[in-house]
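Residue numbers (UniProt numbering): 1 to 318. Positions of the beta carbon are idealized from the N, C-alpha and C atoms, including for glycine. Small disclaimer: the values here were computed from a predicted structure and weren't measured. Each remark here refers to the structure printed beneath this line.
Structure below.
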(Lines of atoms letter the chains of each structure in order from A and count residues from 1; the text may use other names and numbers.)
(Lines give C-alpha, C1' and ligand atoms only; values in the text may rest on other atoms or scores of the structure.)
Protein backbone atom coordinates (compact mmCIF):
# COMPACT_ATOMS: atom_id res chain seq x y z
CA UNK A 1 0.00 0.00 0.00
CA UNK A 2 2.83 2.40 0.84
CA UNK A 3 4.43 1.78 -2.57
CA UNK A 4 1.16 2.58 -4.32
CA UNK A 5 0.77 5.84 -2.44
CA UNK A 6 4.37 6.75 -3.26
CA UNK A 7 3.72 6.08 -6.95
CA UNK A 8 0.57 8.21 -6.92
CA UNK A 9 2.31 11.05 -5.14
CA UNK A 10 5.11 11.09 -7.70
CA UNK A 11 2.63 11.50 -10.57
CA UNK A 12 3.27 14.77 -12.44
CA UNK A 13 -0.42 15.48 -12.86
CA UNK A 14 -1.09 15.05 -9.15
CA UNK A 15 1.84 17.30 -8.28
CA UNK A 16 0.52 20.05 -10.55
CA UNK A 17 -2.90 19.69 -8.94
CA UNK A 18 -1.41 20.09 -5.46
CA UNK A 19 0.41 23.23 -6.56
CA UNK A 20 -2.84 24.93 -7.55
CA UNK A 21 -5.55 23.72 -5.17
CA UNK A 22 -6.04 22.37 -1.68
CA UNK A 23 -6.45 18.59 -1.89
CA UNK A 24 -8.78 16.97 0.64
CA UNK A 25 -10.18 13.47 0.48
CA UNK A 26 -11.65 10.36 2.00
CA UNK A 27 -11.20 6.75 0.99
CA UNK A 28 -13.07 3.91 -0.63
CA UNK A 29 -12.44 0.17 -0.59
CA UNK A 30 -9.24 0.08 -2.66
CA UNK A 31 -7.69 2.88 -0.60
CA UNK A 32 -9.03 1.12 2.49
CA UNK A 33 -7.11 -1.96 1.40
CA UNK A 34 -9.58 -4.64 0.25
CA UNK A 35 -12.33 -4.75 -2.36
CA UNK A 36 -15.82 -4.10 -0.89
CA UNK A 37 -14.39 -4.37 2.64
CA UNK A 38 -15.87 -2.95 5.82
CA UNK A 39 -15.16 -2.90 9.53
CA UNK A 40 -13.92 -6.49 9.53
CA UNK A 41 -10.73 -5.56 7.62
CA UNK A 42 -7.79 -6.03 10.00
CA UNK A 43 -5.41 -3.50 8.42
CA UNK A 44 -7.70 -0.49 8.63
CA UNK A 45 -5.75 1.23 11.43
CA UNK A 46 -2.46 1.00 9.55
CA UNK A 47 -4.02 2.00 6.26
CA UNK A 48 -5.72 5.01 7.86
CA UNK A 49 -2.28 6.31 8.83
CA UNK A 50 -0.93 5.69 5.31
CA UNK A 51 -3.80 7.54 3.66
CA UNK A 52 -3.51 10.52 5.98
CA UNK A 53 0.24 10.64 5.33
CA UNK A 54 -0.52 10.71 1.61
CA UNK A 55 -2.89 13.66 2.12
CA UNK A 56 -0.24 15.48 4.22
CA UNK A 57 -2.60 15.55 7.17
CA UNK A 58 -0.96 17.35 10.14
CA UNK A 59 0.28 15.07 12.89
CA UNK A 60 -1.99 16.77 15.43
CA UNK A 61 -5.09 16.48 13.21
CA UNK A 62 -8.23 15.00 14.83
CA UNK A 63 -8.37 12.60 11.87
CA UNK A 64 -5.27 10.85 13.24
CA UNK A 65 -6.86 10.34 16.65
CA UNK A 66 -10.29 9.03 15.64
CA UNK A 67 -11.52 5.70 14.28
CA UNK A 68 -12.10 6.61 10.63
CA UNK A 69 -11.06 9.33 8.19
CA UNK A 70 -14.25 11.44 8.17
CA UNK A 71 -13.72 15.22 8.28
CA UNK A 72 -15.38 18.60 7.73
CA UNK A 73 -14.04 21.75 6.07
CA UNK A 74 -15.51 25.23 5.66
CA UNK A 75 -14.38 27.52 2.86
CA UNK A 76 -15.17 31.14 2.04
CA UNK A 77 -16.12 34.34 3.87
CA UNK A 78 -19.27 34.87 5.92
CA UNK A 79 -22.37 34.78 3.76
CA UNK A 80 -20.57 32.79 1.07
CA UNK A 81 -19.42 29.82 3.07
CA UNK A 82 -19.37 26.29 1.68
CA UNK A 83 -19.14 23.36 4.08
CA UNK A 84 -17.61 20.15 2.72
CA UNK A 85 -18.28 17.05 4.80
CA UNK A 86 -16.31 13.91 3.93
CA UNK A 87 -17.76 10.63 5.16
CA UNK A 88 -15.97 7.36 5.88
CA UNK A 89 -18.14 4.55 4.49
CA UNK A 90 -15.58 1.79 5.23
CA UNK A 91 -14.16 1.86 8.74
CA UNK A 92 -17.44 1.10 10.56
CA UNK A 93 -19.50 -0.50 7.79
CA UNK A 94 -21.32 -3.71 8.66
CA UNK A 95 -21.29 -6.67 6.24
CA UNK A 96 -23.16 -6.32 2.96
CA UNK A 97 -26.78 -7.56 2.92
CA UNK A 98 -26.99 -7.05 6.70
CA UNK A 99 -29.07 -3.83 6.59
CA UNK A 100 -26.77 -2.75 9.37
CA UNK A 101 -24.65 0.35 9.81
CA UNK A 102 -22.44 2.23 7.37
CA UNK A 103 -21.10 5.13 9.42
CA UNK A 104 -21.10 3.74 12.95
CA UNK A 105 -22.56 5.48 16.00
CA UNK A 106 -19.64 7.84 16.62
CA UNK A 107 -19.59 9.08 13.02
CA UNK A 108 -23.38 9.53 12.98
CA UNK A 109 -23.16 11.64 16.15
CA UNK A 110 -20.40 13.73 14.58
CA UNK A 111 -22.38 14.14 11.33
CA UNK A 112 -25.49 15.33 13.16
CA UNK A 113 -23.40 17.95 14.97
CA UNK A 114 -21.93 19.11 11.66
CA UNK A 115 -25.33 19.42 10.02
CA UNK A 116 -26.84 21.21 13.02
CA UNK A 117 -23.82 23.42 13.63
CA UNK A 118 -23.10 26.94 12.29
CA UNK A 119 -25.05 27.44 9.07
CA UNK A 120 -23.27 27.59 5.73
CA UNK A 121 -24.79 28.79 2.47
CA UNK A 122 -24.10 25.45 0.79
CA UNK A 123 -23.34 22.01 2.22
CA UNK A 124 -21.59 19.39 0.09
CA UNK A 125 -21.38 15.80 1.33
CA UNK A 126 -18.64 13.53 -0.01
CA UNK A 127 -19.47 9.80 0.05
CA UNK A 128 -17.45 7.06 -1.59
CA UNK A 129 -20.59 5.07 -2.49
CA UNK A 130 -23.86 6.14 -4.08
CA UNK A 131 -26.33 7.79 -1.72
CA UNK A 132 -29.47 8.53 -3.73
CA UNK A 133 -29.17 5.95 -6.50
CA UNK A 134 -29.60 2.26 -5.72
CA UNK A 135 -28.56 0.55 -8.93
CA UNK A 136 -28.64 -2.87 -7.29
CA UNK A 137 -32.43 -2.55 -7.09
CA UNK A 138 -32.66 -2.40 -10.89
CA UNK A 139 -29.64 -4.40 -12.08
CA UNK A 140 -30.00 -7.40 -9.77
CA UNK A 141 -29.72 -10.30 -9.87
CA UNK A 142 -27.23 -9.74 -12.73
CA UNK A 143 -24.84 -7.71 -10.59
CA UNK A 144 -24.85 -5.63 -7.45
CA UNK A 145 -23.23 -2.31 -6.61
CA UNK A 146 -22.51 -0.87 -3.20
CA UNK A 147 -24.76 2.02 -2.22
CA UNK A 148 -26.59 3.46 0.76
CA UNK A 149 -29.73 1.92 -0.71
CA UNK A 150 -28.44 -1.52 0.29
CA UNK A 151 -28.60 -0.36 3.92
CA UNK A 152 -32.15 1.09 4.00
CA UNK A 153 -31.98 2.03 7.67
CA UNK A 154 -29.00 4.25 6.89
CA UNK A 155 -30.59 6.02 3.92
CA UNK A 156 -31.34 9.18 5.89
CA UNK A 157 -30.84 12.35 3.88
CA UNK A 158 -32.26 15.07 6.11
CA UNK A 159 -30.29 18.29 5.98
CA UNK A 160 -28.10 17.45 2.97
CA UNK A 161 -27.90 19.79 -0.03
CA UNK A 162 -25.42 18.44 -2.56
CA UNK A 163 -23.84 15.01 -2.62
CA UNK A 164 -20.74 13.87 -4.45
CA UNK A 165 -19.27 10.40 -4.65
CA UNK A 166 -16.92 8.40 -6.82
CA UNK A 167 -17.39 4.70 -6.04
CA UNK A 168 -18.95 3.87 -9.42
CA UNK A 169 -16.93 3.61 -12.61
CA UNK A 170 -19.21 5.95 -14.54
CA UNK A 171 -20.66 9.43 -14.27
CA UNK A 172 -24.25 10.56 -13.73
CA UNK A 173 -26.30 13.21 -11.93
CA UNK A 174 -29.34 12.17 -9.91
CA UNK A 175 -31.92 14.13 -7.97
CA UNK A 176 -34.28 13.29 -5.10
CA UNK A 177 -37.09 15.66 -4.10
CA UNK A 178 -38.87 13.67 -1.38
CA UNK A 179 -36.33 13.49 1.44
CA UNK A 180 -36.47 17.09 2.60
CA UNK A 181 -38.29 20.25 1.71
CA UNK A 182 -35.88 20.84 -1.18
CA UNK A 183 -34.20 18.83 -3.95
CA UNK A 184 -31.03 16.85 -3.26
CA UNK A 185 -28.54 16.57 -6.11
CA UNK A 186 -26.18 13.61 -6.27
CA UNK A 187 -23.13 13.76 -8.55
CA UNK A 188 -21.43 10.46 -9.35
CA UNK A 189 -17.98 10.50 -10.94
CA UNK A 190 -15.67 7.64 -11.80
CA UNK A 191 -12.34 9.20 -11.02
CA UNK A 192 -9.76 10.05 -13.67
CA UNK A 193 -8.02 6.66 -13.80
CA UNK A 194 -10.88 4.13 -13.75
CA UNK A 195 -14.07 3.84 -15.79
CA UNK A 196 -16.36 1.06 -16.95
CA UNK A 197 -15.43 1.41 -20.61
CA UNK A 198 -11.73 1.06 -19.79
CA UNK A 199 -12.53 -2.42 -18.50
CA UNK A 200 -14.44 -3.40 -21.66
CA UNK A 201 -12.99 -4.00 -25.13
CA UNK A 202 -13.82 -1.12 -27.54
CA UNK A 203 -15.96 -3.33 -29.83
CA UNK A 204 -18.24 -3.97 -26.82
CA UNK A 205 -18.69 -0.32 -25.81
CA UNK A 206 -22.06 -0.29 -27.56
CA UNK A 207 -23.22 -2.95 -25.10
CA UNK A 208 -22.33 -0.72 -22.15
CA UNK A 209 -24.35 2.12 -23.69
CA UNK A 210 -27.26 -0.25 -24.34
CA UNK A 211 -27.29 -1.50 -20.75
CA UNK A 212 -27.21 2.07 -19.43
CA UNK A 213 -30.13 2.97 -21.69
CA UNK A 214 -32.15 -0.01 -20.40
CA UNK A 215 -31.81 0.77 -16.70
CA UNK A 216 -34.73 2.81 -15.28
CA UNK A 217 -33.91 6.49 -14.76
CA UNK A 218 -36.45 7.49 -12.12
CA UNK A 219 -33.88 9.59 -10.23
CA UNK A 220 -31.38 10.32 -13.00
CA UNK A 221 -31.43 13.83 -14.41
CA UNK A 222 -32.20 13.50 -18.13
CA UNK A 223 -31.10 16.70 -19.83
CA UNK A 224 -30.36 17.79 -23.39
CA UNK A 225 -26.85 18.71 -22.26
CA UNK A 226 -25.94 15.02 -21.85
CA UNK A 227 -23.45 13.67 -24.34
CA UNK A 228 -25.23 10.29 -24.35
CA UNK A 229 -28.96 9.55 -24.54
CA UNK A 230 -28.85 7.61 -21.25
CA UNK A 231 -27.26 10.58 -19.43
CA UNK A 232 -24.51 8.33 -18.09
CA UNK A 233 -20.85 8.47 -19.05
CA UNK A 234 -18.59 5.42 -19.02
CA UNK A 235 -15.22 7.01 -19.79
CA UNK A 236 -12.88 8.56 -17.18
CA UNK A 237 -14.53 11.64 -15.72
CA UNK A 238 -14.75 14.01 -12.78
CA UNK A 239 -17.50 15.91 -10.98
CA UNK A 240 -17.53 19.68 -10.48
CA UNK A 241 -19.71 22.31 -8.82
CA UNK A 242 -19.38 25.92 -9.96
CA UNK A 243 -20.93 28.65 -7.79
CA UNK A 244 -21.70 32.16 -9.03
CA UNK A 245 -22.04 34.23 -5.87
CA UNK A 246 -22.64 37.43 -7.84
CA UNK A 247 -25.80 36.15 -9.55
CA UNK A 248 -29.26 37.00 -8.18
CA UNK A 249 -30.23 34.54 -6.88
CA UNK A 250 -26.90 32.75 -6.38
CA UNK A 251 -26.56 30.15 -9.14
CA UNK A 252 -24.85 26.77 -9.29
CA UNK A 253 -23.71 24.64 -12.19
CA UNK A 254 -23.38 20.94 -11.40
CA UNK A 255 -21.54 18.96 -14.04
CA UNK A 256 -19.60 15.86 -14.96
CA UNK A 257 -16.58 16.48 -17.17
CA UNK A 258 -14.44 14.20 -19.33
CA UNK A 259 -10.68 13.69 -19.00
CA UNK A 260 -10.08 16.73 -21.21
CA UNK A 261 -12.18 19.02 -19.05
CA UNK A 262 -15.20 19.23 -21.35
CA UNK A 263 -18.66 18.80 -19.76
CA UNK A 264 -20.59 15.65 -20.69
CA UNK A 265 -23.66 16.51 -18.60
CA UNK A 266 -24.68 19.47 -16.47
CA UNK A 267 -27.51 20.90 -14.38
CA UNK A 268 -28.14 24.56 -13.60
CA UNK A 269 -29.89 25.45 -10.37
CA UNK A 270 -30.03 28.24 -7.81
CA UNK A 271 -29.39 28.52 -4.12
CA UNK A 272 -33.02 29.56 -3.72
CA UNK A 273 -34.18 26.23 -5.18
CA UNK A 274 -31.96 24.34 -2.72
CA UNK A 275 -33.44 26.05 0.32
CA UNK A 276 -36.10 24.40 2.45
CA UNK A 277 -39.75 24.83 1.50
CA UNK A 278 -42.70 24.86 3.87
CA UNK A 279 -43.63 21.25 3.16
CA UNK A 280 -42.11 18.10 1.73
CA UNK A 281 -43.17 16.56 -1.55
CA UNK A 282 -44.78 13.16 -1.05
CA UNK A 283 -45.77 10.34 -3.35
CA UNK A 284 -48.47 7.77 -2.62
CA UNK A 285 -47.67 4.07 -2.59
CA UNK A 286 -48.02 2.61 -6.07
CA UNK A 287 -47.75 5.99 -7.77
CA UNK A 288 -44.82 7.12 -9.89
CA UNK A 289 -43.27 10.55 -9.73
CA UNK A 290 -40.00 11.63 -11.31
CA UNK A 291 -37.31 12.40 -8.71
CA UNK A 292 -39.50 10.92 -5.98
CA UNK A 293 -40.07 7.23 -6.67
CA UNK A 294 -37.15 5.16 -5.42
CA UNK A 295 -35.95 2.23 -7.49
CA UNK A 296 -37.18 -0.31 -4.94
CA UNK A 297 -40.71 1.07 -5.29
CA UNK A 298 -40.92 0.70 -9.06
CA UNK A 299 -43.18 -2.03 -10.52
CA UNK A 300 -41.43 -5.39 -10.75
CA UNK A 301 -41.44 -5.46 -14.56
CA UNK A 302 -39.78 -2.04 -14.66
CA UNK A 303 -37.18 -2.80 -12.01
CA UNK A 304 -36.05 -6.02 -13.65
CA UNK A 305 -36.60 -5.27 -17.33
CA UNK A 306 -32.85 -5.48 -17.98
CA UNK A 307 -32.71 -8.97 -16.48
CA UNK A 308 -35.90 -10.04 -18.26
CA UNK A 309 -34.69 -8.86 -21.68
CA UNK A 310 -31.33 -10.57 -21.32
CA UNK A 311 -32.90 -13.80 -20.11
CA UNK A 312 -35.46 -13.74 -22.93
CA UNK A 313 -32.70 -13.19 -25.47
CA UNK A 314 -30.63 -16.00 -23.93
CA UNK A 315 -33.48 -18.52 -24.21
CA UNK A 316 -34.72 -17.44 -27.65
CA UNK A 317 -33.74 -20.10 -30.24
CA UNK A 318 -31.68 -18.90 -33.18
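> If residue 265 sits next to residue 255, beta carbons under 8 Å apart, how far is it from one beta carbon to the other, in whole angstroms?
Replying inline: At roughly 7 Å, the Cβ-Cβ gap stays under 8 Å, so residue 265 and residue 255 are in contact.
> Would residue 43 be called buried (16 or more neighbouring beta carbons within 10 Å of its own) or exposed?
Replying inline: Around the beta carbon of residue 43, fewer than 16 other beta carbons lie within 10 angstroms, which makes this residue exposed.
> Which class does residue 299 belong to by DSSP, given the choice of helix, strand or coil?
Replying inline: Coil.
> For residue 225, which option in 267, 6, 56 and 109 has the closest C-alpha, if you only look at C-alpha atoms?
Replying inline: Nearest neighbour of residue 225 by Cα position, chosen from 267, 6, 56 and 109, turns out to be 267.
> Could you check where the alpha helix (DSSP H) with residue 15 kicks off and where it finishes?
Replying inline: Looking at the DSSP string, the run of the alpha helix (DSSP H) that includes residue 15 is 12-20.
> Within this structure, are the beta carbons of residue 96 and residue 12 separated by less than 8 Å?
Replying inline: Taking 8 Å as the cut-off, the Cβ atoms of residue 96 and residue 12 do not count as close.
>> Measuring only the C-alpha atoms, how far is residue 257 from residue 222?
In response: When rounded, the distance between both Cα atoms is 16 Å.
> Looking at the unbroken beta strand (DSSP E) that takes in residue 86, where does it start and where does it end?
Replying inline: Judged by DSSP secondary structure, residue 86 falls within the beta strand (DSSP E) whose first and last residues are 82-86.
> What's the call for residue 40, buried or exposed, on a 16-neighbour Cβ count within 10 Å?
Replying inline: So residue 40 ends up on the exposed side.
> Using 8 Å as the Cβ pair cut-off and three pairs as the minimum, do the region 49-68 and the region 91-111 touch?
Replying inline: Three or more pairs of CB atoms, one per stretch, sit closer than 8 Å, so the region 49-68 contacts the region 91-111.
>> Distance check for residue 123 and residue 82, CA to CA, integer angstroms please.
In response: When rounded, the distance between both Cα atoms is 6 Å.
> Excluding sequence positions up to five away, which residues of its chain have a Cβ less than 8 Å from the Cβ of residue 159?
Replying inline: Note that residue 159 scores 45 on pLDDT, short of 50, meaning its location in the model is unreliable and no value can be drawn from it.
> In angstroms, rounded to a whole number, what distance separates the CA positions of residue 293 and residue 269?
Replying inline: Cα to Cα, residue 293 sits roughly 21 Å from residue 269.
> How far does the beta strand (DSSP E) with residue 175 in it reach, from first residue to last?
Replying inline: Secondary structure note for residue 175: its beta strand (DSSP E) is the uninterrupted segment 172-176.
>> Counting only beta-carbon separations shorter than 8 Å, does residue 37 have a partner in chain D?
In response: Looking for chain D here will not work: only one protein chain is present.
> So does residue 86 have its beta carbon nearer than 7 Å to some heavy atom of the ligand NAP?
Replying inline: By its list of ligands, the structure shown contains no ligand whatsoever, and the ligand NAP lies outside what it can speak to.
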